[in-house]
Amino acid sequence: MILPDFKCETCGAFSILGGDVTEECYNRNQQRINAHKALHGEQADEMGGDHENLQVKLQTPGLYVAKVQVWLAAEQEYNNGDRAGLQAEQG
Amino acid sequence: MTTPNGATPSDSVPGGYGLSWGDFADKTQDDWQADQTAQWNDAAGNVLAPFGTMIQNLPALVIVSMLHMLADALSMVPFVGTSLEDLVDNIADGINKTYVNTQVISTGITANVTGSTASDKPADVSSAVAILNATVQSSSQPPQTVIVTSTQNVDIPTGCRTVVANVFGAGAGGARGPSVGGAGAAGGGGGIGGWQKDVPLLASSLPATLRCVIGTHGTGATSDNKAGTDGGTSAITNVAGTTTYLQATGGKGGKPIPQNTSGASAFAAYNGDPGSGAGVASLNGTSGGYGGGGTGQAVTGQNGAAGSSVAGGTGGTSEGQAGGDGEDETSTLIPGMGGSGGGGNHAAQFGSAGKGGKGGYPGGGGGGGGMFYISGTNGNGGDGNDGEIWLTFVF
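Just so you know, the protein sequences line up as chains A and B, in that order. Quick note: the first sequence, position 58, residue 57 per the numbering used here, numbers continuous. Quick note: the second sequence, position 119, residue 124 per the numbering used here, numbers continuous.
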């Protein structure tokens, strides 16, 4: 039976090249694919279900770090703003 | 010395990074190199010592690669400024700040990496290292692993520098005993396929397309006094198949055990030999075990080289049970061997024997078929399992 090629869209780093294989081989590799997808499912859950962000993290870790830095900078700016506002309120 | 806009040597260089124009006076190329060496020696005295030593020992080719990596990293730097002069000034300013603080890392390299000033953030060396690592990673792709399950051509991706290959030969089939009976012993188990483990191949030494040949499993014997067939060889070759870069041979088929054989040491001679790898870092598997003897005592098949426990067939009250299948070992990639079939019952002196179990994946050998004691039929040998190839492309 024909096992179609699989390339993980989430991490882009895991592929199975199929072809005309036995039923046993087909089932075994379907299990591998399901297990691989389940792993990413758990990783996405840890990131609040954000699959798109997980994809960025796994495929382009540098860009992910840059995104995190932007978030941290925004958070810092927000905190600084709050502090300034608090100081202003306290006179 | 000459300074721009009539500045004196004691005037600070614009940008506020702690240098005056006097720092640049009368420097020759040798001076600059001596300064650089001194700076790295400074770095070697702090937590950057391994990094500084590594940089000093880098060959030119690696430095070229690092410059390309820097270019990739700079692609993430936001544009700040309205003119080319502003952009260059800002990049130079940022690089200079990073340099200054790598010598006084305790004041906070994280601040430099994130583009803020060093003074308003605490030191966070581990965070900085993590960010630097991530930045280096951003200049390249993560490794890609490809599992090849059937014989086919595979293109090496653009930019790949090293191909790390795992090649598994196929497992062989188990034997079936003689027609005269065999005191309830089992036929010889098939051999495990060979394994070429984690062999790195330079992509520059390989063609753009590889031919991946997957060895087919050997089959268990289905008639009396026959050996199992050998497992096929798995290999990585060029497309024409004229050059082989890596191969792992299949296991050898188990051999039928004569009627009067007894004792584990005598049994072992009838196991199929394991396949072998032809290159470095090869790891041979272990041969198969035996099924239950005529007394009904079960004998457990041998484990895979590092892994799976495989139960042998138990001697039956009238018929021997089939040997257990070898487990697929997906974490260690070392398959279990098929358990051999249980022999016919000794006390009752009749009863057919069980068949050998199937080898695990990839490349496990099949168990030998059990043999009847006085009357009955022998069990078939178990089939081996196919080979496989794993390729990891490193960029």
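Positions of the beta carbon are idealized from the N, C-alpha and C atoms, including for glycine. Every value quoted in this text rests on a predicted model; they were computed, and no experiment measured them.
query, result
"Expected contact under 8 Å - CB spacing of Thr154(B) and Asn28(A) to nearest Å", "6 Å"
"Chain B within 8 Å of Asn28(A), Cβ atoms only", "yes"
"Boundaries of the beta strand (DSSP E) in which Val55(A) is found, first to last residue", "Run containing Val55(A): none in the beta strand (DSSP E); it sits in the alpha helix (DSSP H), 50-58."
"Ile1(A) burial status per 10 Å Cβ neighbour count (16 or more: buried)", "exposed"
"Rounded C-alpha distance that separates Trp395(B) from Glu74(A)", "44 Å"
"Near the ligand HEM: Glu51(A) beta-carbon under 7 Å from a heavy atom", "In the structure on display, the ligand HEM does not appear, and there are no ligands present to speak of."
"CB contact below 8 Å: Val20(A) versus chain B", "yes"
"Option in Ser380(B), Thr167(B), Asn383(B), Asn171(B) with minimal Cα separation from Val2(B)", "Here chain B comprises residues numbered 6 to 400, so residue 2(B) is not present and cannot be evaluated."
"Proximal residues to Cys10(A) (C-beta, below 6 Å), its chain only, five neighbours per side dropped", "Leu57"
"Euclidean distance between Cα positions of Asn390(B) and Thr221(B)", "7 Å"
"Assigned secondary structure, Gln307(B) (DSSP; H/G/I helix, E/B strand, else coil)", "At Gln307(B), the pLDDT of 40 sits below 50, so the modelled position is not reliable; the number obtained from the coordinates is stated separately. Gln307(B): coil per DSSP, three-state reduction."
"Burial state of Met376(B), where buried means 16 or more other Cβ atoms lie within 10 Å", "buried"
"For Gly193(B) and Gly459(B), believed in contact at Cβ under 8 Å, the rounded distance", "Since the first and last residues shown for chain B are 6 and 400, residue 459(B) lies out of range."
"Gly174(B) versus Gly280(B): straight-line alpha-carbon distance, rounded", "7 Å"
"Cβ-based burial, Asn385(B) [other Cβ within 10 Å; buried from 16]", "buried"
"Proximal chain A residues relative to Ser155(B), where beta-carbon distance stays under 9 Å", "Leu2, Leu16, Gly17, Gly18, Asp19, Val20, Cys24"
"Residue interval of the alpha helix (DSSP H) (run including Glu98(A))", "For chain A, the structure presents residues 0 to 90; residue 98(A) sits outside this window and is missing."
"Val69(A) - DSSP class collapsed to helix/strand/coil", "helix"
"Members of the segment 155-179 of chain B that neighbour chain A once the beta carbon cut-off is set at 8 Å", "Ser155, Thr156, Gln157, Val159"
"Neighbour flag for Ala12(A) against chain B, beta carbons, 8 Å", "yes"
"Residue interval of the beta strand (DSSP E) (run including Val169(B))", "167-173"
"Chain-ordered neighbours of Val151(B) on chain A, where CB pairs are closer than 7 Å", "Ser14, Leu16"
"Spatial neighbours of Asp235(B) in its chain, beta-carbon cut-off 6 Å, leaving aside the 5 residues before and after", "Ala177, Gly223, Gly255, Lys257, Gly258"
"Separation of Thr214(B) from Val159(B), as counted between CA atoms", "6 Å"
"Identity of the residues DSSP links to Pro205(B) by a beta bridge", "Val169(B)"
"Chain-order list of residues whose beta-carbon lies under 8 Å from that of Tyr275(B) (same chain, five-residue window excluded)", "Ala180, Gly192, Gly193, Gly259, Lys260, Pro261, Ile262, Thr266, Gly373"
"Cβ neighbour criterion (16 or more within 10 Å) applied to Gly40(A)", "exposed"
"Three-state secondary structure assigned by DSSP to Gln149(B)", "strand"
"Sequence-distant residues of the same chain with beta carbon closer than 7 Å to Phe13(A), five excluded per side", "Cys7, His35"
"Beta carbon proximity, Asp203(B) to chain A, threshold 8 Å", "no"
"Residue-chain proximity (Pro148(B), chain A), Cβ-Cβ < 8 Å", "yes"
"For Glu8(A), three-class secondary structure by DSSP", "coil"
"Member of Ala232(B), Trp200(B), Ile379(B), Val169(B) whose CA lies at the smallest distance from the CA of Gly369(B)", "Trp200(B)"
"Opening and closing residue of the beta strand (DSSP E) in which Leu215(B) lies", "214-218"
"Buried versus exposed, by CB contacts within 10 Å (16 or more), Asn106(B)", "Caution applies to Asn106(B), whose pLDDT of 37 falls short of 50 and renders its modelled position unreliable; the value that the coordinates give is listed next. With 16 or more Cβ atoms within 10 Å of its Cβ, Asn106(B) is classed as buried."
"Residue burial classification, Asp49(A) (beta-carbon count within 10 angstroms, cutoff 16)", "exposed"
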